[in-house]
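Trainee: Count the sequence shown with numbering that gives the first Met the number 0 and you get residues 0 to 450, in order. Heads up, the beta-carbon is just placed ideally off N, CA and C, and yes, glycines get one too. Note that the coordinates shown come from a computational prediction; the quantities given were computed from them, not determined experimentally.
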Amino acid sequence: MKSVTVARRVSAIVALAAVVAVMAIILVALARHLLWLLAAVVCLWVAIGAAAYAITRTGARRAVASVVAVLALVALLLLVVVANGRLVQLLLLIALMAIAGAATRYALGRDIRSLKSGPTPGIAVGPAMRPVLLMNPKSGGGKVERFRLAEEARRRGIEPIVLAPGDDLLRLAEEAVATGADVIGMAGGDGSQALVAAVAMRHEVAFVCVPAGTRNHLAMDLGLDRDDVVGALDAFGEAVERRIDLGLIGDRVFVNNATVGLYAKIVQSSAYRDRKVGTALEMLPGMLGPDAEPFDLRFTGPDGTEHVSAHLILVSNDRYQLGRAEGFGSRRRIDAGTLGIVAARFQSSRDAARFAQQQASGRARRPSGWMEWTDTSFEVRSGQAVEIGVDGEAMLLDPPIRFGIAPGALRVRIPPHAPGYSPAAAAPTSGWSTITALLQTAAGRPVTIEP
Numbered sequence: 000m001k002s003v004t005v006a007r008r009v010s011a012i013v014a015l016a017a018v019v020a021v022m023a024i025i026l027v028a029l030a031r032h033l034l035w036l037l038a039a040v041v042c043l044w045v046a047i048g049a050a051a052y053a054i055t056r057t058g059a060r061r062a063v064a065s066v067v068a069v070l071a072l073v074a075l076l077l078l079v080v081v082a083n084g085r086l087v088q089l090l091l092l093i094a095l096m097a098i099a100g101a102a103t104r105y106a107l108g109r110d111i112r113s114l115k116s117g118p119t120p121g122i123a124v125g126p127a128m129r130p131v132l133l134m135n136p137k138s139g140g141g142k143v144e145r146f147r148l149a150e151e152a153r154r155r156g157i158e159p160i161v162l163a164p165g166d167d168l169l170r171l172a173e174e175a176v177a178t179g180a181d182v183i184g185m186a187g188g189d190g191s192q193a194l195v196a197a198v199a200m201r202h203e204v205a206f207v208c209v210p211a212g213t214r215n216h217l218a219m220d221l222g223l224d225r226d227d228v229v230g231a232l233d234a235f236g237e238a239v240e241r242r243i244d245l246g247l248i249g250d251r252v253f254v255n256n257a258t259v260g261l262y263a264k265i266v267q268s269s270a271y272r273d274r275k276v277g278t279a280l281e282m283l284p285g286m287l288g289p290d291a292e293p294f295d296l297r298f299t300g301p302d303g304t305e306h307v308s309a310h311l312i313l314v315s316n317d318r319y320q321l322g323r324a325e326g327f328g329s330r331r332r333i334d335a336g337t338l339g340i341v342a343a344r345f346q347s348s349r350d351a352a353r354f355a356q357q358q359a360s361g362r363a364r365r366p367s368g369w370m371e372w373t374d375t376s377f378e379v380r381s382g383q384a385v386e387i388g389v390d391g392e393a394m395l396l397d398p399p400i401r402f403g404i405a406p407g408a409l410r411v412r413i414p415p416h417a418p419g420y421s422p423a424a425a426a427p428t429s430g431w432s433t434i435t436a437l438l439q440t441a442a443g444r445p446v447t448i449e450p
């Protein structure tokens, strides 16, 4: 193991000093300004309550509640800014937290430069013998055409197959493998990635993910540069290969997650793709308002308790980081061999609004009806067909819906220049493990933080 450089030791010391300074400032501020803090809490409570009411109502009541929420937030901001002239203190806190984060990343080798300079995790493999790349020209607003992927593929000796209207992606992928493809890739969104990955899994051929969709969550968690669409084609040449898990709904493969409840119902709307926020605001009153019918979603919790309803169920191919802002919404690893399961039931519309606000800020606090656990299987039961979003695609499935995991089922190739770490994996772990690692680094003792 390499020795710790002087720069990393100094960075660890700076990070530890910044953490101590932040804690000291917070303790002093709490001791001196308790009344200001209480007033700020009241303003925040009013803002969340009014926002919750607005989300679940329509017409004049929504407008009035929205105005109250905005006024409460303005009052909160004024309290923070003018509380005994402590704006400088607030800015100092923000600066110290930023310094602590940046110094920790560098000290523990989790900054982007260090990750890119180190080896991409996996096994080195040679170029594909007969590579094939399927492309969805409509994905990501036309990225296939914009980045001239067909021409770039031919230049690298990769056979391009561009989907035409009416083409069956699964059939094309099966035909490519049947005619000798040893590495098959997909340039498109995560729904298309899942379909081609299923074919690659069945035939034990290697798979390449080209981030030509809109969000490209799979590419993010594989550690690809989502902005370097053309660079992803390098995975067909000399590359790094590793095995990842695939999620299953019955026999259907998913690479990211499946959602049931609020989100799944919203994405079923034909207006959702063009008006995401507006569609959600129009539909939420009917799903969270006082006259809303509970979702008929029955499942068994982690302790064996039977539950008869939930507002939100998320089942993911390995567990998502949902506890803090850094790495929020990504997975530390996709080879743990487990499903990540989240079930939430909100006691009121205020709980729903508070949850949405916390998700936006990446904070760890969860509503009282929140459950989160891992398992290798999960089942959702209902008395009617269930609306479900699978890798962002809207579906309607007959119950019971059975989820499973296929550990290490997919061989994935990654370009050697890619970091190979997701945002969650690249972020140092929180808590005492990171403090201990910083202390060891400051003392000049090498340490490794596992993903």
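Can you tell me the Cβ-Cβ gap for Val-182 and Pro-130, rounded? I've got them flagged as a contact below 8 Å.
Mentor: As a working note, residue 182 is residue 183 in the sequence shown. As a working note, residue 130 is residue 131 in the sequence shown. Rounded, the Cβ-Cβ distance is 5 Å, consistent with contact.
Trainee: Quick one: Cα of Asn-256 to Cα of Val-5, how far?
Mentor: What you label residue 256 is simply residue 257 of the sequence shown in a count that begins at 1. What you label residue 5 is simply residue 6 of the sequence shown in a count that begins at 1. Rounded to the nearest angstrom, the two C-alpha atoms are 43 Å apart.
Trainee: Check Ser-10 in the structure and name its three-state DSSP category.
Mentor: Stepping through the sequence shown from its first residue, residue 10 is reached at position 11. Ser-10 falls in the helix class under three-state DSSP.
Trainee: Just the Cα atoms here: how many angstroms apart are Ala-106 and Gly-125?
Mentor: As a working note, residue 106 is residue 107 in the sequence shown. As a working note, residue 125 is residue 126 in the sequence shown. Straight-line Cα distance between these residues: approximately 34 Å.
Trainee: Can you tell me where the alpha helix (DSSP H) with Ser-376 in it begins and where it stops?
Mentor: What you label residue 376 is simply residue 377 of the sequence shown in a count that begins at 1. Per DSSP, Ser-376 belongs to no alpha helix (DSSP H); it is in the beta strand (DSSP E), 376-379.
Trainee: Run the CB neighbour count on Ser-381, radius 10 Å, all protein chains shown included, and call it buried at 16 or more, exposed below.
Mentor: Stepping through the sequence shown from its first residue, residue 381 is reached at position 382. Buried.
Trainee: By Cβ distance below 7 Å, which residues in the same chain neighbour Ala-417 in space, the five residues on each side in sequence not counted?
Mentor: Residue mapping note: residue 417 aligns to position 418 of the sequence shown, counting from 1. For Ala-417, where only same-chain residues beyond five positions count, the Cβ hits under 7 Å are Thr-119, Gly-222, Leu-223 and Asp-224.
Trainee: If you follow the alpha helix (DSSP H) that Ala-218 is in, where does it begin and where does it stop?
Mentor: Counting from 1 along the sequence shown, the entry for residue 218 is found at position 219. Here the alpha helix (DSSP H) through Ala-218 covers 216-221.
Trainee: DSSP has Ile-465 in a bridge; who is on the other side?
Mentor: Outside the shown range of the chain (0 to 450) lies residue 465, about which nothing can therefore be said.
Trainee: On the criterion of 16 or more Cβ atoms from any shown chain inside 10 Å, does Gly-244 qualify as buried, or is it exposed?
Mentor: Looking up residue 244 in the sequence shown gives position 245. Note that residue 244 is Asp in the sequence shown, not Gly. It is buried - the Cβ of Asp-244 has at least 16 other Cβ atoms within 10 Å.
Trainee: Between which two residues does the beta strand (DSSP E) containing Arg-170 stretch?
Mentor: Residue 170 sits at position 171 when you count from the first residue of the sequence shown. Where Arg-170 is concerned, there is no enclosing beta strand (DSSP E), although the alpha helix (DSSP H) it sits in stretches over 168-177.
Trainee: Can you list, in chain order, the residues of its chain whose CB lies under 7 Å from that of Ser-10, leaving out five sequence neighbours each side?
Mentor: Locating residue 10 in the sequence shown gives position 11, counting from the first residue. Correct list, in chain order: Ala-102, Tyr-105 and Ala-106.
Trainee: Buried or exposed: where does Ile-122 fall if 16 or more other Cβ atoms within 10 Å of its Cβ makes it buried?
Mentor: Numbered from its first residue, the sequence shown carries residue 122 at position 123. Exposed, since its Cβ has fewer than 16 Cβ neighbours within 10 Å.
Trainee: Kindly indicate which three-state DSSP category Val-311 falls into: helix, strand or coil?
Mentor: Here residue 311 refers to the residue found at position 312 of the sequence shown. According to the sequence shown, residue 311 is Leu rather than Val. In the structure shown, Leu-311 sits in a strand (DSSP, three-state: E or B).
Trainee: From what residue to what residue does the beta strand (DSSP E) around Asp-334 run?
Mentor: Residue mapping note: residue 334 aligns to position 335 of the sequence shown, counting from 1. Neither: Asp-334 is in no beta strand (DSSP E) and is coded neither H nor E.
Trainee: Evaluate Ser-138 with the Cβ neighbour count: other Cβ atoms within 10 Å of its Cβ, from every protein chain shown; 16 or more gives buried, anything less gives exposed.
Mentor: Working through the sequence shown from its first residue, we reach residue 138 at position 139. So Ser-138 counts as buried.
Trainee: Under a three-way DSSP split, which group does Ala-244 fall into?
Mentor: Stepping through the sequence shown from its first residue, residue 244 is reached at position 245. Reading off the sequence shown, one finds Asp at residue 244, where the question assumed Ala. It is a strand residue.
Trainee: Since I believe Ala-152 is in contact with Leu-132 (beta carbons under 8 Å), could you give me their beta-carbon distance rounded to a whole number of angstroms?
Mentor: The residue labelled residue 132 in the question sits at position 133 within the sequence shown. The residue labelled residue 152 in the question sits at position 153 within the sequence shown. Confirmed, Cβ separation roughly 5 Å.
Trainee: Taking DSSP as the reference, what is the three-state secondary structure of Gly-457?
Mentor: Shown here, the chain extends from 0 to 450; a query on residue 457 therefore has no answer.
Trainee: In this structure, does DSSP put Phe-327 in helix, strand or coil?
Mentor: Counting from one through the sequence shown, the residue named residue 327 turns up at place 328. Three-state DSSP puts Phe-327 in coil, outside helix and strand.
Trainee: Taking buried to mean at least 16 other C-beta atoms within 10 Å of its own C-beta, is Gln-320 buried or exposed?
Mentor: Indexing the sequence shown from 1 puts residue 320 at position 321. Buried.
Trainee: Run the CB neighbour count on Asp-189, radius 10 Å, all protein chains shown included, and call it buried at 16 or more, exposed below.
Mentor: Translated into positions along the sequence shown, residue 189 becomes position 190. Label assigned to Asp-189: buried.
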